[in-house]
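Before any comments, here is the structure.
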Ligand code: URP
Ligand code: ZN
Ligand code: ZN
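In my numbering, the protein residues as written are 3 to 468.
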């Protein structure tokens, strides 16, 4: 057979297991996965020797915010630095959130996001459509699904950004999702009580005493849990498919598990930072850098989320990348309500989960591939184009050395961040080689791709793991 590239002699990973096999690429697709392809090839295909290496599908990060106007500034990883960071981290597909500005339609937001992404993206991408005004956007959902955009997003907080949805919007959107084959992603935090707690703590004395710790003190776990429970109720009674984004609490995992056991069509994602960071960081001199929303929680929450990944109630790990530099973070000036909320993460997602999951015996290799690749592809309606190494799938392939650990240093990274929440951590799992649709975009750990290579990915329907 005529192949362009053969990745030979590696251990090929899937959500089901592993095998010694070669992976052959022809054009933008995988042509074959089988032992002996390199031996039998006669046409001078480029052969990449992956002896001793793992060969996995390109990971999907289905929750990112690149160059997002937010918290009075704009997130500093744009579609250039953000997708280069993705490539170096072995992420070949990202899904961002297209958020309409005042009076805009869902389609306006889609075009706005596309115009930012198209010239710069180095990996493939698409968008969740944020519904910020039910009466305007509800009737537009059908058209968006027909355009290839079947996933929608609602925020239960962020009134000040003009993004907040109430229960009526969530209930109606879930009903529509059921009709249209769509899915609703929800940022679940309880706005009214959260605002009350913020008002109670927002005094000069307490800010002086507690600084960035107030970010955690005003968001006890019930703020997330109550909102998750409410969203689950609306999913249960409408039958609309629900996906809880960036779940950070043990209580949330319990609620999702119980709902799934009752047959509710609900999924939950967590993010790498909730698995490995905890809120003791807020007490440090740079505590404000770690403020994201929802905030990192406690060790017991971490343990419950790892357990949920094994149990299945947590089925995807993303990053919620929303990078702010030190100068941007300094806007807080001692007032935690002014911290631009978010962190960099795309470049370290796969290494964090591989090192702290697989190498720490918290997660099997097949579960790692499931949570990084196959599950997000299935749930977001991108499978089997993405998320698996199989003939006919896009040739998104990552080769990594399971034993090679690298010390994280933001100065060596593609992200535009001038800090990293994982600075100095020794991590294995950085991509030695990344292919995106057959094109090598990382070679010997260095980015070698091209702006504009990434393509927008149309999707017919939201998918399912059932
Ligand atoms: O803190 C974060 N991640 N900000 C981005 C917006 C959100 O709620 O996901
Ligand atoms: Zn959110
Ligand atoms: Zn987010």
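From the three backbone atoms N, C-alpha and C, an ideal C-beta is built for every residue, glycine too. Values in this document were obtained by computation on a predicted structure and should not be read as measured data.
Item to check | Test item: CB-CB of residue 125 and residue 83 under 8 angstroms | outcome: no
Item to check | Nearest candidate by alpha-carbon position, reference residue 291, set 18, 77, 422, 108 | outcome: 422
Item to check | Check: residue 130 C-beta below 7 angstroms from any heavy atom of ligand 3 | outcome: no
Next on the checklist: Assuming contact is defined by CB atoms lying nearer than 8 angstroms, are residue 251 and residue 176 in contact in what I supplied?
Outcome noted: no
Next on the checklist: Quick check on DSSP: helix, strand or coil for residue 133?
Outcome noted: For residue 133, the three-state secondary structure derived from DSSP is coil.
Checklist entry - How far does the alpha helix (DSSP H) with residue 320 in it reach, from first residue to last? => result Per DSSP, residue 320 belongs to no alpha helix (DSSP H); it is in the beta strand (DSSP E), 318–320.
Checklist entry - Taking 7 angstroms as the cut-off, does the CB of residue 157 come closer than this to any heavy atom belonging to ligand 2? => result yes
Checklist entry - For residue 329, is the classification buried or exposed, using 16 other Cβ atoms within 10 angstroms of its Cβ as the cut-off for buried? => result exposed
Checklist entry - Between the C-alpha atoms of residue 173 and residue 318, what's the straight-line distance to the nearest angstrom? => result About 24 angstroms.
Next on the checklist: I'd like to confirm something about residue 24: is its beta-carbon nearer than 7 angstroms to some heavy atom of ligand 1, or not?
Outcome noted: no
Next on the checklist: Following a CB-centred definition, is residue 284 positioned closer than 7 angstroms to any heavy atom of ligand 1?
Outcome noted: No, Cβ of residue 284 sits at least 7 angstroms from all heavy atoms of ligand 1.
Item to check | Backbone secondary structure at residue 357 - three-state DSSP | outcome: helix
Item to check | Residues sharing a beta bridge with residue 438, DSSP | outcome: The beta-bridge partner set that DSSP reports for residue 438 consists of 441.
Item to check | Pick from 117, 159, 171, 128 that is closest to residue 141, judged by C-alpha positions | outcome: 171
Checklist entry - Taking buried to mean at least 16 other C-beta atoms within 10 Å of its own C-beta, is residue 468 buried or exposed? => result exposed
Next on the checklist: Please report the distance separating the alpha-carbon of residue 63 from that of residue 92.
Outcome noted: 10 angstroms
Item to check | Beta-carbon contacts of residue 165 that lie in its chain and below 6 angstroms, excluding the five residues immediately before and after | outcome: Taken in chain order, the residues that qualify are 134, 157.
Item to check | Selection from 69, 153, 88 that minimises the alpha carbon distance to residue 114 | outcome: 69
Next on the checklist: Threshold first: 4 residues or longer. Then list the alpha helix (DSSP H) segments lying entirely within the region 53–120, N to C.
Outcome noted: 83–90, 108–119
Checklist entry - Of all the alpha helix (DSSP H) runs that stay within the bounds of the region 365–393, which reach a length of 4 or more residues? => result 367–371, 377–381
Item to check | C-alpha distance - residue 11 paired with residue 400, whole-angstrom precision | outcome: Going from the Cα of residue 11 to the Cα of residue 400 covers about 14 angstroms.
Checklist entry - What do you reckon, is the C-beta of residue 322 under 7 angstroms from a heavy atom of ligand 4? => result No copy of ligand 4 appears in this structure; the ligands present are ligand 1, ligand 2 and ligand 3.
Item to check | N- and C-terminal bounds of the beta strand (DSSP E) containing residue 400 | outcome: 399–402
Next on the checklist: Does residue 45 pass the burial test, meaning 16 or more other C-beta atoms within 10 Å, or should it be called exposed?
Outcome noted: Counting the other CB atoms within 10 Å of its CB gives residue 45 a total below 16, which places it among the exposed residues.
Checklist entry - From residue 275 to residue 41, what does the alpha carbon distance come to, in whole angstroms? => result 43 angstroms
Item to check | Candidates 246, 237, 191: closest to residue 222 by CA position | outcome: 191
Checklist entry - In this structure, does DSSP put residue 219 in helix, strand or coil? => result helix
Item to check | Nearest neighbour of residue 453, chosen from 27, 80, 384, 256 [CA to CA] | outcome: 80
Checklist entry - If you draw a straight line from the C-alpha of residue 358 to the C-alpha of residue 18, how long is it? => result 20 angstroms
Next on the checklist: Just to confirm my understanding: we take residue 100, look at its own chain, exclude 5 residues before and 5 after, and list those with CB closer than 6 angstroms. What are they?
Outcome noted: 111, 112, 115, 129, 131
Next on the checklist: My output table needs one value for residue 333: the three-state DSSP class, helix, strand or coil.
Outcome noted: Looking at residue 333 - three-state DSSP - the assignment turns out to be helix.
Checklist entry - Going along the chain, which unbroken runs of the beta strand (DSSP E) with 3 or more residues stay wholly within the region 175–206? => result 185–189
Checklist entry - Does the beta-carbon of residue 103 have 16 or more other beta-carbons within 10 angstroms, so that it is buried, or is it exposed? => result Counting the other Cβ atoms within 10 Å of the Cβ of residue 103 gives fewer than 16, which makes it exposed.
Checklist entry - Nearest CA to the CA of residue 227: which residue from 209, 189, 336? => result Of the candidates 209, 189, 336, the one whose C-alpha sits nearest the C-alpha of residue 227 is 189.
Checklist entry - With a CB to CB cut of under 6 angstroms and the five nearest residues on each side skipped, what residues in its chain are close to residue 21? => result Exclusion of the five residues before and after residue 21 leaves 14 as the residues of its chain whose Cβ lies within less than 6 angstroms of its Cβ.
Checklist entry - Sorted by chain position, which residues of the same chain lie with C-beta nearer than 7 angstroms to residue 262's C-beta, five sequence neighbours on each side aside? => result 268, 315
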